[in-house]
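Below you'll find the structure, written out as structure tokens, and then a few comments.
Residue numbers (mature numbering (1 follows the signal peptide of the UniProt record, and there is no 0)): -19 to -1, 1 to 312.
Structure below.
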């Protein structure tokens, strides 16, 4: 087919008019230091480079429109199939323990701005975790919500994340203060404070929430609630509107029996209820009355809101001294 194409092109050359060229390269340049431009992407067809591009998020590459010839989507589709087949073949060998970044299942949409302390933490304009405002400069969230050197943006005053004109405000994070003893494998000390680049002006849509003033356990079976923009089911879509669910505090001994070594009664707590947390929105608050008592941390990787594997929250009161130290000393 390539010989026929060349012959056809040769016969057409006298009748063609050329004005400009695309797919330009580099002349009179120097070889880049290996990996010194880590955002660069080689777009290929049949293993042959046809165009350049560059990474603008963990899911998107930016390039020129002329680089797509109508067949590239077939190549991407085939690669997706190959990736899925590879994942399927690996599943029997994989072991799943716990998942993070939880959202809300069997819940209801929150009355807009009735939880003015809620914060959407975003990367490249995409929601990655929940958080909550504890002062005019600090947001509390889970330590697992940030990868090393990742830059996050805090969105306050939001309800529907698709409506950018509803009065929500995007604020950059000036400094990140994860607990120094956070363990990404066991989720011990899964707590982080974010110092915002500027003070938040509190109003009816943006307001801080109080925290426990002293260390102690919440009485078992106490009525509380959770909220977030996460998935509505384990494999479902994320909610663009803030959702909430009613839960009750679980007895520590019962939770420890269900999670074994993963659970630490001194700095964690569990909840149970018809609705609850699921995949997509960790870092959000567990609220009892008007007080944030916990931070959404982890749960079962296979089933959301499962009675025998309840969602686990970091107990805020256990970190009272550390929190006060960060707020008082970080400028």
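From the three backbone atoms N, C-alpha and C, an ideal C-beta is built for every residue, glycine too.
Classification of residue 278 by the beta-carbon crowding that lies within 10 angstroms, buried from 16 upward: Taking the chain shown and counting its residues from 1, the one referred to as residue 278 is at position 297. Under this definition residue 278 is a buried residue.
Which residues DSSP lists as bridging residue 140, in chain order: The residue you call residue 140 lines up with position 159 of the chain shown. In the DSSP output, where bridge partners are listed per residue, residue 140 has none listed.
Minimum C-alpha distance to residue 184 - residue among 116, 166, 124, 238: Sequence index remark: in the chain shown, residue 184 carries index 203 (1-based). Of the listed residues, the one whose Cα sits closest to residue 184 is 116.
Beta-bridge pairing of residue 226 - partner residues as DSSP gives them: As a position in the chain shown, residue 226 is number 245, starting the count at 1. In the DSSP output, where bridge partners are listed per residue, residue 226 has 207.
C-beta neighbour in chain B for residue 114, strict 7 Å: The displayed structure is made up of one protein chain only, and chain B is not part of it.
Helix, strand or coil at residue 277 according to DSSP, with G and I counted as helix: As a position in the chain shown, residue 277 is number 296, starting the count at 1. DSSP places residue 277 in strand when its eight states are reduced to three.
Cβ distance (whole Å) where residue 142 is taken to contact residue 221 below 8 Å: Locating residue 142 in the chain shown gives position 161, where the first residue counts as 1. Locating residue 221 in the chain shown gives position 240, where the first residue counts as 1. Yes, residue 142 and residue 221 are in contact; Cβ-Cβ is about 5 Å, under 8 Å.
For residue 26, three-class secondary structure by DSSP: In the chain shown, residue 26 corresponds to position 45, counting from 1. Strand, per DSSP.
Exposure label - residue 225; buried when at least 16 CB within 10 Å: For the purposes of this step, residue 225 is taken as the residue at position 244 of the chain shown. The residue in question, residue 225, is buried, as its Cβ has 16 or more Cβ neighbours within 10 Å.
Cut-off 7 Å between Cβ atoms - residues of its own chain near residue 131, not counting five sequence neighbours on either side: Residue 131 sits at position 150 when you count from the first residue of the chain shown. Here the set comprises 104.
Chain-order list of residues whose beta-carbon lies under 8 Å from that of residue 22 (same chain, five-residue window excluded): In the chain shown, the residue the question calls residue 22 occupies position 41. For residue 22, where only same-chain residues beyond five positions count, the Cβ hits under 8 Å are 33, 34, 35, 36, 42, 44.
The beta strand (DSSP E) enclosing residue 47, as first and last residue numbers: Taking the first residue of the chain shown as 1, we reach residue 47 at position 66. First-last for residue 47: undefined, no H or E at that position.
Short Cβ contact (7 Å threshold) for residue 145 with residue 137: Taking the first residue of the chain shown as position 1, residue 145 is located at position 164. Taking the first residue of the chain shown as position 1, residue 137 is located at position 156. Against a cut-off of 7 Å, the Cβ pair of residue 137 and residue 145 comes out as no contact.
Beta-carbon separation (whole angstroms), residue 122 vs residue 173, contact threshold 8 Å: One-based indexing of the chain shown puts residue 122 at position 141. One-based indexing of the chain shown puts residue 173 at position 192. Contact flag correct, Cβ pair sits at about 5 Å.
Host beta strand (DSSP E) of residue 158 (start-end): The residue you call residue 158 lines up with position 177 of the chain shown. First-last of the beta strand (DSSP E) with residue 158: 150 to 159.
Short Cβ contact (7 Å threshold) for residue 110 with residue 264: Along the chain shown, one-based indexing puts residue 110 at 129. Along the chain shown, one-based indexing puts residue 264 at 283. Yes, the Cβ-Cβ distance between residue 110 and residue 264 is below 7 Å.
Identity of the residue in 302, 20, 12 nearest residue 401 by Cα: This structure cannot settle anything about residue 401, because the visible part of the chain is limited to -19 through 312.
Proximity of residue 249 and residue 293 at Cβ, strictly below 7 Å: Walking along the chain shown from the start, residue 249 turns up at place 268. Walking along the chain shown from the start, residue 293 turns up at place 312. Yes.
Classification of residue 89 by the beta-carbon crowding that lies within 10 angstroms, buried from 16 upward: Locating residue 89 in the chain shown gives position 108, where the first residue counts as 1. Classification of residue 89: exposed, given that the 10 Å Cβ count is below 16.
Same chain, Cβ closer than 7 Å to residue 308, neighbours up to 5 away in sequence not counted: Residue numbering aside, residue 308 sits at position 327 when the chain shown is read from its first letter. Closer than 7 Å at Cβ, skipping near neighbours: 116, 119.
Three-state secondary structure assigned by DSSP to residue 249: Numbered from its first residue, the chain shown carries residue 249 at position 268. DSSP places residue 249 in strand when its eight states are reduced to three.
Same chain, Cβ closer than 7 Å to residue 299, five either side skipped, listed in chain order: Your numbering for residue 299 matches position 318 in the chain shown. Closer than 7 Å at Cβ, skipping near neighbours: 196, 247, 248.
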